[in-house]
Every structure is written in C-alpha cells, then in structure tokens.
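Below is one structure; the comments refer to it alone.
There are 2 protein chains.
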Amino acid sequence: MNVENSKSQMRKGMLEYCIMLLLRRRPSYANEIISLLKSADMIVVEGTLYPLLTRLKNDGMLRYEWQESKQGPPRKYYALTEEGQEALTQLDASWEELAKTVAILQSGQHLLPHTE
Amino acid sequence: MNVENSKSQMRKGMLEYCIMLLLRRRPSYANEIISLLKSADMIVVEGTLYPLLTRLKNDGMLRYEWQESKQGPPRKYYALTEEGQEALTQLDASWEELAKTVAILQSGQHLLPHTE
DNA sequence: CAAATGAACCTTGCAATACAAGGTACTATA
DNA sequence: TATAGTACCTTGTATTGCAAGGTTCATTTG
Chain A
2 MNVENSKSQM RKGMLEYCIM LLLRRRPSYA NEIISLLKSA DMIVVEGTLY
52 PLLTRLKNDG MLRYEWQESK QGPPRKYYAL TEEGQEALTQ LDASWEELAK
102 TVAILQSGQH LLPHTE
Chain B
2 MNVENSKSQM RKGMLEYCIM LLLRRRPSYA NEIISLLKSA DMIVVEGTLY
52 PLLTRLKNDG MLRYEWQESK QGPPRKYYAL TEEGQEALTQ LDASWEELAK
102 TVAILQSGQH LLPHTE
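Quick note, the sequences are listed as chains A and B, same order.
Using this note's numbering, the letters of the first sequence correspond one by one to residues 2 to 117.
Using this note's numbering, the letters of the second sequence correspond one by one to residues 2 to 117.
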C-alpha cells in the first residue's frame with residue numbers, strides 16, 4: 002500500500018482502516034474480527050473480509066500464525082507487521098484530514114470568492 | 002437511494018456526501034464543484050463527477066437548471082431537491098455514527114469479554 | 001475571418017472491490 | 001454415525017472511481 006493512494010482508498014472504504022485498528026490492539030482471526038466490528042456497529046461479511054485480509058498480507062501489512070483452538074478447527078491469527086503499524090499511523094493522519102474536510106464542508110467554509 | 006444502503010455506501014466513499022454538502026450551501030455546476038472540493042483537499046475528476054451527478058439526479062436527490070454564463074458555454078447548475086435535503090440529513094447522522102465507530106476502534110473499547 | 005484556446009458538457013473502458021452465495025475441513029455432540 | 005458448529009476459502013456479479021478521449025460553444029489571437 003502506498004500512502005499517496007491511501008486517501009483515495011479511504012474515500013472508497015473505511016474497512017481496511019477499521020480492521021487495522023482492531024489488530025493494533027491485539028491479533029485476531031476472521032470470525033472474531035467480524036464479531037468485533039459488529040459490536041462496533043460496522044457490518045462486514047466473510048466474502049469481504051477474507052480477500053481483504055489476504056490483500057493486506059500480500060502488501061506486507063499483516064502476517065498470520067496458526068493457533069489451535071479448544072473448540073473447533075485451528076484459527077489463523079492475523080497481526081500487524083512493523084510496516085503495517087507504520088502504515089496505520091499514516092492512516093490515522095488521513096482519517097484526521099478526511100474528518101476535517103467533512104467538517105469544513107458541513108460548515109460551508111468551502112465557499113470560493115465569487116468569481117462570476 | 003435508500004437509507005439502509007447509505008452506511009454501506011459510506012464505507013465505500015464519502016464522495017456523494019461531500020457533494021451533497023456542497024450543494025446544500027448553494028447550487029453549483031460540475032467544474033465549480035471540482036474546484037470547491039479541491040479547495041477542501043478532496044480530489045475529484047470529471048469522469049467521477051458526471052456519472053455521480055447523473056446518478057443522484059436519477060435517484061431524485063438533485064435537479065438541474067441551465068444557466069447562461071458570461072464567459073463560455075451555459076452551465077448546468079445542480080441543486081438539492083426536497084428529497085435530497087432529507088436524505089442529506091440522514092447522511093449527516095450516518096457520518097456521525099461512522100465517526101463514532103472509528104473513535105471506538107481507535108480507543109480499543111471494542112474488546113469483547115474474553116470468551117476463549 | 002480562420003484557427004487556437006478555454007470552458008463547459010459527456011461517454012467509454014478498465015480495475016478495484018464489497019457482497020451474496022456456495023464450498024471444504026475439522027471438532028464436538030447427540 | 002450423523003448433525004451442528006466453527007473455521008477456512010472461492011467464484012461471480014454489480015458498483016463505481018478514474019483515466020482517457022470526445023463534442024460543443026464562446027472568446028481571443030494571428
């Protein structure tokens with residue numbers, strides 16, 4: 002992921018950002034991520050999440066580790082890499098900017114001098 | 002546009018919202034919208050904007066009106082319809098929610114009780 | 001007055017991606 | 001041993017942002 006592109010990505014979706022925020026706290030596996038996001042009122046489904054996790058892993062943002070579970074099959078725990086942590090820091094900044102932009106648009110300060 | 006769908010849309014892009022925010026202030030035409038968004042640090046290009054305006058118009062959110070210009074060809078001024086204004090109010094609320102969700106995720110309050 | 005420039009409009013094709021739907025494998029329980 | 005539950009993943013479709021290219025009209029310039 003390059004940072005130039007991040008604002009563009011952010012326009013499309015907050016999802017990557019939200020998932021990385023989750024993983025900043027602690028490693029997690031797909032079904033847990035879905036539950037956690039649901040508990041934060043953000044809906045995600047498997048068909049969205051799996052490709053996204055793979056994408057982030059291929060971009061070097063995440064790595065995973067198989068871990069046995071006491072109930073059911075083993076789980077693939079994803080965690081942020083060093084690179085992922087740095088990227089996330091930049092996404093934090095992008096989110097700040099985006100929120101600021103929206104605030105400006107909401108307040109109407111975007112008005113240009115009347116050039117007519 | 003149905004409101005059920007709006008949060009989903011918002012995940013993908015803030016663009017519709019931002020454009021409707023602009024038009025809440027006053028009617029505007031495509032090139033001006035691009036300039037205004039640029040001045041608010043949000044990049045949009047023609048190939049994105051025209052289809053989007055058409056979509057919003059077809060959904061009943063916008064209407065337009067031709068207006069002569071002192072320089073160059075006439076301009077198509079877009080404005081929010083009644084319905085568009087109502088939808089925008091709901092988008093305001095969706096944005097609130099999204100921002101709150103992000104805040105929760107940033108703070109780590111999303112952690113579920115450890116079910117192991 | 002012809003040509004170039006600029007400002008407005010719009011369309012087409014591509015790539016990314018969210019989601020619905022469906023599929024596989026392992027574990028535990030009935 | 002069959003069913004349910006939990007985990008993994010893939011495929012196909014629809015949306016949509018964007019790059020690139022195209023048209024029209026008015027003004028300016030050669």
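Here a beta-carbon is modelled for each residue, glycine too, at the ideal position from N, C-alpha and C.
Because the structure is a prediction, the values reported are computed rather than measured.
Per DSSP, the bridge partner or partners of residue i
i              : result
serine 95(A)   : In the DSSP output, where bridge partners are listed per residue, serine 95(A) has none listed.
lysine 71(A)   : Partner(s): none; lysine 71(A) has no beta bridge.
tyrosine 65(B) : Tyr79(B)
serine 29(B)   : Tyr79(B)
Straight-line Cα distance separating residue j from residue i
i                : j                : result
tyrosine 51(B)   : glutamate 33(B)  : 12 Å
alanine 31(B)    : leucine 54(B)    : 8 Å
leucine 106(A)   : alanine 100(B)   : 15 Å
glutamate 5(A)   : methionine 43(A) : Note on glutamate 5(A): pLDDT 43, under 50, position unreliable in the model; the coordinate value appears next. The straight-line gap from Cα to Cα measures roughly 26 Å.
leucine 89(A)    : glutamate 97(A)  : 12 Å
proline 28(A)    : glycine 73(A)    : 19 Å
arginine 64(B)   : leucine 23(B)    : 14 Å
alanine 41(A)    : serine 108(B)    : 12 Å
threonine 102(B) : glutamine 110(B) : 10 Å
isoleucine 20(B) : arginine 76(B)   : 17 Å
alanine 104(B)   : methionine 15(A) : 12 Å
serine 36(B)     : serine 36(A)     : 41 Å
glutamine 68(B)  : tyrosine 79(B)   : 10 Å
aspartate 60(B)  : leucine 81(B)    : 11 Å
aspartate 93(B)  : arginine 26(B)   : 14 Å
Status (buried if at least 16 other CB within 10 Å, exposed otherwise) for residue i
i                : result
glutamate 66(A)  : exposed
glycine 85(A)    : buried
methionine 11(A) : Only weak support is given to the placement of methionine 11(A): the predicted model assigns it a pLDDT of 49, under 50, and the value that follows is read from those uncertain coordinates. So methionine 11(A) counts as buried.
valine 46(B)     : exposed
glutamate 83(B)  : exposed
glutamate 17(B)  : buried
leucine 38(B)    : buried
leucine 112(B)   : exposed
Chain B residues whose Cβ lies nearer than 8 Å to that of residue i
i                 : result
isoleucine 105(A) : Ala41
glutamate 98(A)   : Asp42
Cross-chain neighbours of residue i in chain A, by beta carbon under 8 Å
i                : result
threonine 102(B) : Cys19, Ala41, Asp42 and Met43
Partner residues on chain B for residue i, Cβ-Cβ distance less than 9 Å
i              : result
arginine 76(A) : Ordered by position in chain B, no residue passes the 9 Å Cβ test against arginine 76(A), which lies about 12 Å from the chain.
Amino acids of chain A, ordered along the chain, whose beta-carbon sits closer than 7 Å to that of residue i
i              : result
leucine 23(B)  : Leu106 and His111
arginine 64(B) : Those do not exist, as arginine 64(B) stays about 21 Å from chain A at its closest Cβ, beyond 7 Å.
Interface residues of chain A facing residue i [CB-CB closer than 9 Å]
i              : result
arginine 26(B) : Leu106, Gly109, His111 and Leu112
Which runs of the alpha helix (DSSP H), 4 residues or longer, sit entirely within the stretch 35-62 of chain B?
Those alpha helix (DSSP H) runs which fall completely within the stretch 35-62 of chain B and span 4+ residues are 47-59.
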